[in-house]
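Q: Numbering (the UniProt record's numbering), first residue to last: 1 to 433.
Would you mind keeping the following structure in view while I ask a few things?
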């Protein structure tokens with residue numbers, strides 16, 4: 001009996017020792033995992049713009065693999081959050097860094113982190129996905145296939161989502177909407193509906209990113225009708241009056257792409273009182289704002305005769321001419337392109353008005369531009385003015401000679417861009433033999 005009792009006690013002690021050893025082993029493994037994360041954070045955090053994680057060292061030490069493994073469900077939330085943070089820093093090294101992280105299996109795990117009840121884990125997962133997209137846009141379709149859009153939209157729809165988290169989500173959506181060389185997102189309608197909600201958020205950063213996401217979507221002409229059907233245009237035009245210049249800029253960039261669509265789509269913009277808002281912004285002191293306005297006007301002028309006339313009726317022509325006569329080259333170039341588009345019908349009254357406003361010398365000065373589309377449009381405009389009416393010929397040719405542009409046109413006859421050379425040769429042979 002005593003022997004049996006002793007054996008029982010010894011067996012119990014052995015089991016306790018075994019359990020203790022297992023607990024100690026698990027504790028050491030957990031400590032080692034935390035040490036791996038901390039080492040990765042120390043090595044990978046970018047303390048300055050010059051510090052970039054070295055790929056060879058990352059591969060040699062299996063740092064990425066360890067960090068990806070640490071994203072799994074079996075780890076403490078702090079470890080998962082820190083691992084996602086470290087991977088986000090590694091991703092910022094380059095496209096190669098980001099693609100290595102994706103190849104290690106991080107994307108599905110990071111997407112699962114998005115809906116973690118732990119706010120820090122969810123936040124770090126979203127930020128890491130954003131960095132991967134920023135440095136490796138080729139990962140977009142892979143992320144979409146793994147369900148990232150639905151996870152992000154669920155956060156937008158949740159009433160409990162804080163402003164900071166919404167800001168992160170909107171930033172990632174902006175990246176997801178960037179045009180892919182192969183295709184647009186399959187669930188673009190879901191993304192657009194989510195963006196339509198975000199356009200009414202009071203936070204400036206969320207508005208800016210949501211507008212830039214709309215701009216990215218509208219880069220593809222086939223998505224413009226869907227955006228119009230959702231009713232985003234009135235809201236975007238309203239945001240042109242926003243006090244934050246970054247929001248204004250983003251709204252203008254979205255409208256530039258929307259205005260690149262069909263005549264019917266351009267008319268939708270005009271029906272929502274776009275031109276009065278643009279007229280007000282042409283007095284803005286920020287040259288970038290005015291450049292964006294001119295690009296929208298150029299797209300509108302590329303529509304039909306009635307839409308070009310609408311620009312004239314809104315009193316915008318003299319404001320466009322003010323930009324042409326200014327000192328800023330980008331503004332002068334944008335104004336010249338807009339004027340040449342407005343004059344596409346070769347309307348004699350318009351051309352005569354432009355001549356009287358001193359447009360020709362300003363156009364001639366732009367022949368020294370480095371941009372081929374500017375040079376071509378200026379030459380085409382001068383050719384039109386020389387050709388449209390014999391009564392204009394003496395005056396227009398005289399101004400071209402007086403401004404010193406004739407020598408520039410002669411030189412452009414041998415320009416490497418054939419379309420420029422052809423117009424230059426036509427002007428010289430027809431009017432300055």
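In this text, a Cβ means the ideal position worked out from N, Cα and C, and glycines have one as well.
Just so you know, these numbers come straight off a predicted model, no measurement behind them.
For a test of the three-state rule: what should DSSP assign to residue 178, helix, strand or coil?
A: To locate residue 178, count along the chain shown from 1; it is residue 178. Looking at residue 178 - three-state DSSP - the assignment turns out to be coil, as it is neither helix nor strand.
Q: For the putative contact between residue 81 and residue 107, defined by C-beta atoms under 8 Å, what is the C-beta separation to the nearest angstrom?
A: As a working mapping, residue 81 is identified with position 81 in the chain shown. As a working mapping, residue 107 is identified with position 107 in the chain shown. With 8 Å as the limit, residue 81 and residue 107 do not qualify as a contact, their Cβ atoms being about 17 Å apart.
Q: Let's test the definition: count the other Cβ atoms within 10 Å of the Cβ of residue 216 and tell me whether it reaches 16, buried, or not, exposed.
A: As a position in the chain shown, residue 216 is number 216, starting the count at 1. Buried, by the Cβ-count rule.
Q: Taking contact to mean at least 3 C-beta pairs separated by less than 8 Å, is the segment 351-366 in contact with the segment 384-391?
A: Yes: at least three Cβ pairs fall under 8 Å.
Q: By how many angstroms is the C-alpha of residue 341 removed from the C-alpha of residue 304?
A: Here residue 304 refers to the residue found at position 304 of the chain shown. Here residue 341 refers to the residue found at position 341 of the chain shown. Roughly 11 Å separates the two Cα atoms.
Q: For residue 306, count neighbouring C-beta atoms within 10 Å of its own C-beta (all shown protein chains included) and say buried if the count is 16 or more, exposed if not.
A: Taking the first residue of the chain shown as position 1, residue 306 is located at position 306. It counts as exposed.
Q: Determine the DSSP secondary structure at residue 124, reduced to helix, strand or coil.
A: Taking the first residue of the chain shown as position 1, residue 124 is located at position 124. In the structure shown, residue 124 sits in a helix (DSSP, three-state: H, G or I).
Q: Distance check for residue 311 and residue 267, CA to CA, integer angstroms please.
A: Taking the first residue of the chain shown as position 1, residue 267 is located at position 267. Taking the first residue of the chain shown as position 1, residue 311 is located at position 311. Cα-Cα distance, rounded: 12 Å.
Q: Quick one: is residue 411 buried, meaning 16 or more other Cβ sit within 10 Å of its Cβ, or exposed?
A: Within the chain shown, the letter at position 411 stands for residue 411. So residue 411 ends up on the exposed side.
Q: Determine the extent of the alpha helix (DSSP H) in which residue 63 is found, giving its start and end residues.
A: Along the chain shown, read from residue 1 onward, the residue named residue 63 stands at position 63. It spans 63-69 - the alpha helix (DSSP H) in which residue 63 sits, taken as one unbroken run.
Q: Look at the alpha carbon of residue 353 and the alpha carbon of residue 253, and state the distance between them as a whole number of angstroms.
A: For this step, residue 353 is matched to residue 353 along the chain shown. For this step, residue 253 is matched to residue 253 along the chain shown. Those two C-alpha atoms are separated by around 30 Å.
Q: So which of 380, 95, 330 has the shortest CA-CA distance to residue 130?
A: Indexing the chain shown from 1 puts residue 130 at position 130. Selected option, being the one with the closest Cα: 95.
Q: With a CB to CB cut of under 7 Å and the five nearest residues on each side skipped, what residues in its chain are close to residue 193?
A: For the purposes of this step, residue 193 is taken as residue 193 along the chain shown, with counting starting at 1. The residues are 230.
Q: Give the single residue among 148, 93, 92, 132 whose Cα lies nearest to the Cα of residue 113.
A: Within the chain shown, numbered from 1, the residue matching residue 113 stands at position 113. Nearest C-alpha to residue 113: 148.
Q: Please work out which residues of its chain come closer than 6 Å, Cβ to Cβ, to residue 58, disregarding the five sequence neighbours upstream and downstream, and give them in chain order.
A: Here residue 58 corresponds to residue number 58 of the chain shown, with the count starting at 1. Excluding sequence neighbours, residue 58 sits near 64.
Q: Determine the DSSP secondary structure at residue 200, reduced to helix, strand or coil.
A: The residue given as residue 200 occupies position 200 in the chain shown. The answer is coil: DSSP assigns residue 200 none of H, G, I, E or B.
Q: Considering only the beta carbon of each residue, do residue 291 and residue 335 sit closer than 7 Å?
A: Position 291 of the chain shown, counted from the start, is the residue given in the question as residue 291. Position 335 of the chain shown, counted from the start, is the residue given in the question as residue 335. No; because the gap between Cβ atoms is not below 7 Å, this pair is not in contact.
Q: Going by other Cβ atoms of all chains shown within 10 Å of its Cβ, with 16 needed for buried, is residue 73 buried or exposed?
A: Mapped onto the chain shown, residue 73 falls at position 73. It counts as exposed.
Q: I need the straight-line Cα distance from residue 391 to residue 379, nearest angstrom please.
A: Taking the first residue of the chain shown as position 1, residue 391 is located at position 391. Taking the first residue of the chain shown as position 1, residue 379 is located at position 379. About 20 Å.
Q: In chain order, what residues of the same chain lie with their CB nearer than 8 Å to the CB of residue 395, ignoring the 5 residues before and after it?
A: Working through the chain shown from its first residue, we reach residue 395 at position 395. The answer, listed in chain order, is 355.
Q: Would residue 260 pass as a contact of residue 299 if the rule is Cβ separation under 7 Å?
A: Translated into the one-based positions of the chain shown, residue 260 becomes position 260. Translated into the one-based positions of the chain shown, residue 299 becomes position 299. Yes, these two residues count as a Cβ contact at 7 Å.
Q: Cβ atoms of residue 235 and residue 209: under 7 Å apart, would you say?
A: Indexing the chain shown from 1 puts residue 209 at position 209. Indexing the chain shown from 1 puts residue 235 at position 235. Going by C-beta atoms, residue 209 is not nearer than 7 Å to residue 235.
Q: Within this structure, are the beta carbons of residue 71 and residue 86 separated by less than 7 Å?
A: As a position in the chain shown, residue 71 is number 71, starting the count at 1. As a position in the chain shown, residue 86 is number 86, starting the count at 1. No, Cβ-Cβ distance for residue 71 and residue 86 is not below 7 Å.
Q: Considering just the uninterrupted stretch of the alpha helix (DSSP H) at residue 398, what are its terminal residues?
A: Mapped onto the chain shown, residue 398 falls at position 398. Here the alpha helix (DSSP H) through residue 398 covers 390-402.
Q: To the nearest angstrom, how far is it from the Cα of residue 255 to the Cα of residue 419?
A: Looking up residue 255 in the chain shown gives position 255. Looking up residue 419 in the chain shown gives position 419. Rounded to the nearest angstrom, the two C-alpha atoms are 30 Å apart.
Q: Indicate whether the contact test is met: 3 or more Cβ pairs, each with one atom in the segment 131-138 and one in the segment 160-167, closer than 8 Å.
A: The segment 131-138 is not in contact with the segment 160-167.
Q: Are there 16 or more other CB atoms within 10 angstroms of the CB of residue 473, so buried, or fewer, so exposed?
A: Within the shown structure, residues of the chain are numbered from 1 to 433, placing residue 473 beyond reach of any answer.
Q: Return the chain-ordered ranges of every alpha helix (DSSP H) run that is complete within the segment 68-118 and spans a minimum of 4 residues.
A: Runs found: 77-91, 95-103, 106-113.
Q: If we count the other Cβ atoms within 10 Å of its Cβ and call it buried at 16 or more, is residue 319 buried or exposed?
A: Here residue 319 is taken as the residue at index 319 of the chain shown, counted from 1. With 16 or more Cβ atoms within 10 Å of its Cβ, residue 319 is classed as buried.
Q: Any idea if residue 166 is buried or exposed, counting beta-carbon neighbours within 10 angstroms, 16 or more meaning buried?
A: Taking the first residue of the chain shown as 1, we reach residue 166 at position 166. Buried.
Q: Thinking residue 328 and residue 287 are a contact (beta carbons under 8 Å), I'd like their distance in whole angstroms, please.
A: As a first step, residue 328 is located in the chain shown; it is residue number 328 there, counting from the start. As a first step, residue 287 is located in the chain shown; it is residue number 287 there, counting from the start. Sure, about 5 Å apart at Cβ, within 8 Å.
Q: Of the residues 124, 190, 279, 351, which one's Cα is nearest the Cα of residue 393?
A: To locate residue 393, count along the chain shown from 1; it is residue 393. The candidate whose alpha carbon is nearest that of residue 393 is 351.
Q: For residue 91 versus residue 97, is the C-beta distance shorter than 7 Å?
A: The residue you call residue 91 lines up with position 91 of the chain shown. The residue you call residue 97 lines up with position 97 of the chain shown. Cβ atoms of residue 91 and residue 97: closer than 7 Å.
Q: When you compare the CB positions of residue 275 and residue 301, do they come within less than 7 Å of one another, or not?
A: Your numbering for residue 275 matches position 275 in the chain shown. Your numbering for residue 301 matches position 301 in the chain shown. For residue 275 and residue 301, no; Cβs fall outside 7 Å.
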